[in-house]
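Engineer: Chains as they are written, first to last, in our numbering: chain A, 59 to 331; chain B, 264 to 533. Dropping the structure in here first, questions after.
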């Protein structure tokens with residue numbers, strides 16, 4: 059009885075009011091989730107700025123954030139000129155490495171023999187430090203873009219291979235029994251069950267390789283290139299141009315963040331369960 | 264006590280095959296050296312609701328998997344509607360409902376129900392289409408308006424109902440259910456039991472229903488198939504002669520409890 063009374067009482071909050079409040083609450087939480095890490099980062103930059111100025115650290119050892127910002131604006135055209143080659147190498151390496159890994163994972167899942175034959179080789183290739191293999195690849199493919207793409211692809215390859223194999227095998231035994239009861243063909247099992255099940259696993263791997271592909275391209279550029287963020291890093295280091303070095307480092311991590319964000323956005327559109 | 268009447272286990276082969284949904288003749292199942300089912304003779308009459316009860320390890324699930332061509336018989340013969348299990352599978356004579364609903368998480372409820380109609384379509388397989396559309400089947404299981412819901416948005420009971428709708432989409436003549444309500448709370452289970460009885464009456468399909476609950480076995484089954492363990496063998500088939508249609512209230516009757524008591528006794532001596 060009392061419940062009914064409060065429900066109809068004029069001062070009682072209506073359903074719409076409650077929903078509005080919940081929405082406002084959610085918005086507040088979302089804003090906080092952005093504000094807290096942003097504030098922390100700004101605070102750290104501020105401490106860095108004050109520290110450098112207070113202790114009179116020479117610019118070539120550690121530039122103040124203000125110096126880096128000034129350099130970033132002044133040399134923006136140079137940074138962009140070097141940004142695009144690295145961007146293309148990273149994206150090309152990302153695509154090549156992941157497509158290869160996905161195809162080989164499919165082969166592994168369908169053929170035990172293929173997995174037994176090639177998986178140890180894949181592990182071996184993965185154990186070679188990328189810094190050791192980069193000069194070899196530059197020797198083979200020359201100083202052009204190809205070597206960098208191959209290095210970026212190589213660094214993407216292994217995590218995706220391992221995750222994709224797991225993903226394709228992650229179909230539950232009852233789902234496979236269901237497929238059998240329905241007399242599904244091998245390709246139906248693959249397209250309707252295995253491939254969709256593997257997507258969450260695939261995207262975990264793609265998030266890793268979105269950032270590592272940039273590292274691969276930059277390592278390739280260190281070994282031999284006259285254009286690209288990696289080449290600019292070497293150049294700035296040898297010229298003791300620390301503000302430019304820092305600006306380049308931030309640009310390359312910015313590139314990684316863009317790649318990561320693109321993959322995450324794609325994941326949200328594709329994996330909706 | 265003449266409540267529970269025991270039918271003979273090894274029925275003579277003279278019965279017309281059309282009246283049998285499934286038939287086992289000395290069927291055995293072995294996994295390596297382990298014998299899961301040994302020398303089983305069993306006739307499943309068309310249109311009846313059978314429940315399968317027995318101690319753990321008695322091969323309840325194995326029996327369903329044997330009938331549904333998921334595992335082969337090591338010896339003996341198994342036929343479904345007079346065909347081999349493989350022929351029956353290819354003709355979609357039976358459908359299976361698993362313990363966990365086994366829904367595809369990336370498909371909404373309706374798309375999950377439609378799955379059996381998609382499998383084989385591009386290969387030109389002649390898929391038997393039921394008289395009810397997937398939408399109507401979702402309505403039948405009480406999920407009207409939830410067609411677009413993703414499996415993770417549904418409760419365990421709702422997921423299992425989607426799985427039942429999916430099993431019915433090709434209008435199977437035999438429905439195999441492997442502890443479908445085992446993981447649900449009692450109230451949900453009661454509701455789904457009643458719903459399943461309605462579906463059974465409406466569709467006229469034969470049901471083989473594995474459970475580990477004695478009460479559920481008596482409440483649902485016209486016949487309770489009792490198995491014994493190590494190795495899995497048929498113990499007996501108990502006819503349950505409770506007034507139809509079954510109601511929840513029947514569970515408080517002496518008759519119902521007498522059946523439960525008898526089955527419990529049989530289980531203890533398995």
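Using N, Cα and C, we set each Cβ at its ideal position, and we do this for glycine too.
Touch check for the region 432 to 449 of chain B and the region 352 to 359 of chain B: three-plus C-beta pairs under 8 Å?
Structural biologist: Contact holds: three or more Cβ-Cβ distances are below 8 Å.
Engineer: I'd like the span of the beta strand (DSSP E) that includes residue 278(A), first residue to last.
Structural biologist: Premise fails: residue 278(A) lies in the alpha helix (DSSP H), 253 to 281, not in any beta strand (DSSP E).
Engineer: Residues of the region 370 to 386 of chain B with a CB closer than 9 Å to any CB of chain A: list them in chain order, please.
Structural biologist: If the cut-off is 9 Å between Cβ atoms, the region 370 to 386 of chain B has 370, 378, 379, 381, 382, 383, 385, 386 near chain A.
Engineer: Using a Cβ-Cβ cut-off of 8 Å (strictly less than) and excluding sequence neighbours within five positions of residue 319(B), which residues of its own chain qualify?
Structural biologist: So the list reads 475, 492, once near-sequence residues are dropped.
Engineer: Does any CB atom of chain B fall closer than 9 Å to the CB of residue 250(A)?
Structural biologist: Yes, contact with chain B.
Engineer: Which term fits residue 118(A), buried or exposed, when burial requires 16 or more other beta carbons within 10 angstroms of its beta carbon?
Structural biologist: When all chains shown are included, residue 118(A) counts as exposed.
Engineer: Report the three-state DSSP secondary structure of residue 233(A) (helix, strand or coil).
Structural biologist: Residue 233(A) falls in the helix class under three-state DSSP.
Engineer: What are the boundary residues of the alpha helix (DSSP H) that includes residue 225(A)?
Structural biologist: Start and end: 203 to 226.
Engineer: Would you decide whether residue 369(B) is buried or exposed? Buried here means 16 or more other CB atoms lie within 10 Å of its CB.
Structural biologist: Residue 369(B) comes out buried.
Engineer: Starting from residue 155(A) and walking both ways along the alpha helix (DSSP H), at which residues does that stretch end?
Structural biologist: Looking at the DSSP string, the run of the alpha helix (DSSP H) that includes residue 155(A) is 134 to 168.
Engineer: In three-state DSSP terms, what is residue 304(A)?
Structural biologist: Residue state, collapsed to three classes: helix.
Engineer: Any chance the region 191 to 203 of chain A sits against the region 220 to 229 of chain A, with 3 or more Cβ pairs inside 8 Å?
Structural biologist: The region 191 to 203 of chain A, when compared against the region 220 to 229 of chain A, does not touch it at the 8 Å Cβ threshold.
Engineer: Opposite residue 470(B) in the DSSP bridges: which residues?
Structural biologist: According to DSSP, which records beta bridges pairwise, residue 470(B) is partnered with 312(B), 438(B).
Engineer: Looking at the secondary structure, which residues open and close the beta strand (DSSP E) in which residue 401(B) lies?
Structural biologist: Here residue 401(B) belongs to no beta strand (DSSP E); instead the alpha helix (DSSP H) covers 397 to 403.
Engineer: Looking at C-beta atoms only, is the number of pairs between the region 313 to 320 of chain A and the region 136 to 149 of chain A that lie closer than 8 Å three or more?
Structural biologist: These segments touch.
Engineer: Under a CB-based cut-off of 9 Å, is residue 412(B) close to chain A?
Structural biologist: So, not an interface residue.
Engineer: Beta-carbon within less than 7 Å of residue 329(B)'s beta-carbon, same chain only, minus the 5 sequence neighbours each way: which residues are those?
Structural biologist: The answer, listed in chain order, is 290, 292, 300, 336, 341.
Engineer: Just to confirm my understanding: we take residue 516(B), look at its own chain, exclude 5 residues before and 5 after, and list those with CB closer than 6 Å. What are they?
Structural biologist: There are no such residues.
Engineer: For residue 233(A) and chain B, any beta-carbon pair shorter than 9 Å?
Structural biologist: Output row for residue 233(A): interface = yes.
Engineer: Measuring straight from C-alpha to C-alpha, what distance separates residue 73(A) and residue 79(A)?
Structural biologist: Residue 73(A) and residue 79(A): Cα-Cα distance of roughly 10 Å.
Engineer: For residue 360(B), which beta-bridge partners are listed by DSSP?
Structural biologist: The partner list for residue 360(B) (beta bridge, DSSP) reads 440(B).
Engineer: Report the three-state DSSP secondary structure of residue 126(A) (helix, strand or coil).
Structural biologist: It is helical.
Engineer: Have a look at residue 98(A) and residue 278(A) and give me their C-alpha separation to the nearest angstrom.
Structural biologist: Spanning the two alpha carbons is a distance of roughly 33 Å.
Engineer: In chain order, what residues of the same chain have a beta carbon less than 8 Å from the beta carbon of residue 320(A), not counting five sequence neighbours either side?
Structural biologist: Correct list, in chain order: 268.
Engineer: Do residue 286(A) and residue 276(A) have their CB atoms nearer than 9 Å?
Structural biologist: Taking 9 Å as the Cβ cut-off, residue 286(A) and residue 276(A) qualify as a contacting pair.
Engineer: So what's residue 317(A) in DSSP terms, helix, strand or just coil?
Structural biologist: In the structure shown, residue 317(A) sits in a helix (DSSP, three-state: H, G or I).
Engineer: Taking Cβ positions only, does residue 230(A) come closer than 9 Å to chain B?
Structural biologist: Residue 230(A) counts as touching chain B.
Engineer: Determine, for residue 239(A), whether the minimum Cβ-Cβ distance to residues of chain B falls below 9 Å.
Structural biologist: Answer yes: the Cβ-Cβ gap between residue 239(A) and chain B drops below 9 Å somewhere.
Engineer: Write down the C-beta distance between residue 226(A) and residue 167(A) rounded to the nearest angstrom, noting that I regard them as a contact closer than 8 Å.
Structural biologist: Indeed, because the Cβ distance is near 4 Å, the residues count as touching under 8 Å.
Engineer: Count the other C-beta atoms from every protein chain shown that fall within 10 angstroms of the C-beta of residue 256(A), then say buried if there are 16 or more, exposed otherwise.
Structural biologist: Buried.
Engineer: Using a Cβ-Cβ cut-off of 9 Å, state whether residue 453(B) counts as contacting chain A.
Structural biologist: Not one chain A Cβ lies under 9 Å of residue 453(B).
Engineer: Count the other CB atoms, across all protein chains shown, that sit within 10 Å of the CB of residue 133(A); report buried if there are 16 or more and exposed otherwise.
Structural biologist: Counting Cβ neighbours within 10 Å, residue 133(A) comes out buried, since at least 16 surround it.
Engineer: At a CB-CB cut-off below 7 Å, which residues of chain A make contact with residue 415(B)?
Structural biologist: Simply 331.
Engineer: Take residue 268(B) and list the residues in its own chain whose beta-carbon comes closer than 6 Å to its own, dropping the five residues that flank it on each side.
Structural biologist: Its pLDDT being 44, under 50, residue 268(B) is placed unreliably by the model, and nothing is read from it.
Engineer: Can we say the region 288 to 304 of chain A touches the region 156 to 175 of chain A, given the rule of at least three CB pairs closer than 8 Å?
Structural biologist: At 8 Å Cβ cutoff, the stretches do not touch.
Engineer: Any chance the region 177 to 189 of chain A sits against the region 232 to 246 of chain A, with 3 or more Cβ pairs inside 8 Å?
Structural biologist: Result no; under three Cβ-Cβ pairs closer than 8 Å.
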